[in-house]
Amino acid sequence: VILFFLLLKSIYQTRKSKKSLKLSNESNAQKSNFIDNISTQIIPTLDVMENAFGSSSFDETVKKSVASLKRRVENMQTYISLENTREETYPMSNVDIQQISEAMMQKASSDFNSGVEAVVTVPRVSIKTNTEALEKIVSYLLHRAALNTERGKISLEFKKRNARSGQFIITD
10 VILFFLLLKS
20 IYQTRKSKKS
30 LKLSNESNAQ
40 KSNFIDNIST
50 QIIPTLDVME
60 NAFGSSSFDE
70 TVKKSVASLK
80 RRVENMQTYI
90 SLENTREETY
100 PMSNVDIQQI
110 SEAMMQKASS
120 DFNSGVEAVV
130 TVPRVSIKTN
140 TEALEKIVSY
150 LLHRAALNTE
160 RGKISLEFKK
170 RNARSGQFII
180 TD
């Protein structure tokens, strides 16, 4: 009788979890659709605004603001596409983190100002990850650090937290 009761309780909790997950996924889909619709309507307006300005300082300020808004909309669209594919899994492989970190820093150092030194402090560790996604994220962060660092050093570190996770740290 107790086992039967525990089985029913487990089935109830599973159904409740599935229902909650379904509701959450539907909500995320509606949110993504809403943001996508807004983006679709905003981009043509921003294009018209960007092309309508002359060369005065006010016009240049507005033009920069429009360009910034366009980048923000692109970021929202990237977020939507990532949100729509969050249930998918990336192909994983074992990667030598030290080797890939040095390659990423070498590629990013071309964006560095002349007074900026590149430092990589990564142990020889192999982890299971998606190389393409990792390179995209770390390269973006290194690029942002390069834009905001005029002199000094940009450091890329990796620390293994436990058997399944690690942490990249980028400092400038």
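Heads up, the sequence shown is in the numbering used here, so the first residue is 10 and it goes up one at a time.
In this text, a Cβ means the ideal position worked out from N, Cα and C, and glycines have one as well.
Does the beta-carbon of residue i have 16 or more other beta-carbons within 10 angstroms, so that it is buried, or is it exposed?
| i | result |
| --- | --- |
| F167 | buried |
| S57 | The sequence shown places Val at residue 57, not Ser. So V57 ends up on the exposed side. |
| S110 | buried |
| F121 | buried |
| V10 | exposed |
Among the options, which residue has its Cα nearest to the Cα of residue i?
| i | options | result |
| --- | --- | --- |
| I44 | L30, L17, R81 | R81 |
| S174 | S135, L17, Q50, P53 | S135 |
| T180 | K72, K18, A154 | A154 |
| I146 | A117, P132, K169 | A117 |
| S148 | E69, M85, A112, K31 | A112 |
| Q176 | S29, V131, T158 | V131 |
| T140 | S119, L156, F14, M101 | M101 |
| R95 | S33, I178, I47, A61 | S33 |
What are the residues that DSSP puts in a beta bridge with residue i?
| i | result |
| --- | --- |
| T165 | Here residue 165 turns out to be Leu, not Thr, going by the sequence shown. DSSP output for L165 lists V129, I179 as bridge partner(s). |
| I136 | V104 |
| R160 | G124 |
Please report the Cβ distance between residue i and residue j, rounded to the nearest whole angstrom; I am assuming they are in contact, meaning their Cβ atoms lie under 8 Å.
| i | j | result |
| --- | --- | --- |
| L151 | M114 | 7 Å |
| A142 | Y88 | Not a contact, Cβ separation roughly 15 Å. |
| N37 | E83 | Wrong, their Cβ atoms sit about 20 Å apart, outside the cutoff. |
>> Contact between the segment 160-180 and the segment 120-139 is defined here as three or more beta-carbon pairs at a separation below 8 Å; is this criterion met?
In response: Touching, yes.
> Pairing CB atoms from the segment 68-79 with CB atoms from the segment 98-107, are three or more of them under 8 Å?
Replying inline: As far as the Cβ criterion goes, the segment 68-79 does not touch the segment 98-107, which means the pair count is below three.
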